[in-house]
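Since the structure comes first, as structure tokens, the remarks are kept for the end.
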Amino acid sequence: MNICGNRVPGGIHQTIRLKGQGGFTAVEAMIVILVISVLVAVAAPGFWNLIGNNRLVSEVYSLRAALNNARSEALARRETVVVCPSTDGAACANSDDWSTGYIAFIDADGNNAIDPNNPTEELLYVETDEQGVEIAFDNALRRVRFGAQGVALGFDGVFTFCDSRGANSARGLIINPVGTVRSATDTDSPEDGIVNDDGGNNVACN
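Mapping of the sequence shown onto the numbering used here: position 1 corresponds to residue -7, and the numbering continues sequentially without gaps.
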């Protein structure tokens, strides 16, 4: 049978019309748009929180890897290794703001700077990406210095990672005098949703 039409006796052509093939009506389209709008409004905050959390965690992992690698190099080479904030990926910046990037290098002469004329003072790590995350270090010396034994005595402290959401979403890294690094956690009882430094205090964001 031809769905467009049938031949019947006498040569008369009979057309069969198919029903139900119309599009959305204006009312139906408005309902669909309304439902989509509600779903977006409900899902958007969670989506942006997920993106923000992933960005913070990524920055924590990057700095933690840089610190752990620097300590390993200090132990392996029996040399002092410095990790410090940097704005150009080549020299230390005199700042406690690590958001602009940071570098790790062998500091053979102990002057906290890379000497281009000293082949021993090798640049080991460079991080220059800016991800919209504020990274602050609470040690007044503004750098981490691993001795040949891997210790960071006097250069220990807490790194705080913040974004526009404030302390409730902040992350932290704690480096102790021995030179080991661990993630900050919420040690309050009951927990208040804010991670704590090594003294048990809530981290703060500017």
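Ideal Cβ positions, reconstructed from N, Cα and C, are used throughout, including at glycine.
These numbers come from a predicted model, not from an experiment.
Note on geometry: alpha-carbon atoms of Arg69 and Ala140 lie some 7 Å from one another. In the three-state DSSP reduction, Asn110 falls in the coil class, being neither helix nor strand.
Straight-line measurement puts the Cα of Ile186 at about 5 Å from the Cα of Asn160. Ranking Asn109, Thr112, Glu126 by CA distance to the CA of Val49 puts Glu126 first.
Asp189 and Arg56 have their C-alpha atoms spaced approximately 16 Å apart. Excluding five sequence positions before and after Glu119, the CB atoms of its chain that fall closer than 7 Å to its own CB belong to Ser54, Ala58, Gly93, Tyr94, given in chain order. Cβ contact annotation for Phe138 (same chain, cutoff 6 Å, sequence separation greater than five): Ala62, Arg63, Ala66, Val73, Ala144, Gly171, in chain order. If you ignore the 5 residues before and after Gly81, its C-beta comes within less than 7 Å of the C-beta of Gly93, Ile95, Val118, Thr120, all in its own chain and listed in chain order. Minimum Cα-Cα distance from Ser87 among the listed residues Asp155, Arg135, Gly164 corresponds to Arg135.
Thr79 and Gly192 have their alpha carbons spaced roughly 32 Å apart. Per DSSP, Leu145 lies in no beta strand (DSSP E) segment and is marked neither H nor E. DSSP lists Leu165 as the beta-bridge partner residues of Ser175. For the pair Cys154 and Cys84, the Cα-to-Cα distance works out to about 22 Å. Here Arg163 is not near Ser181, since their CB atoms are 9 Å or more apart.
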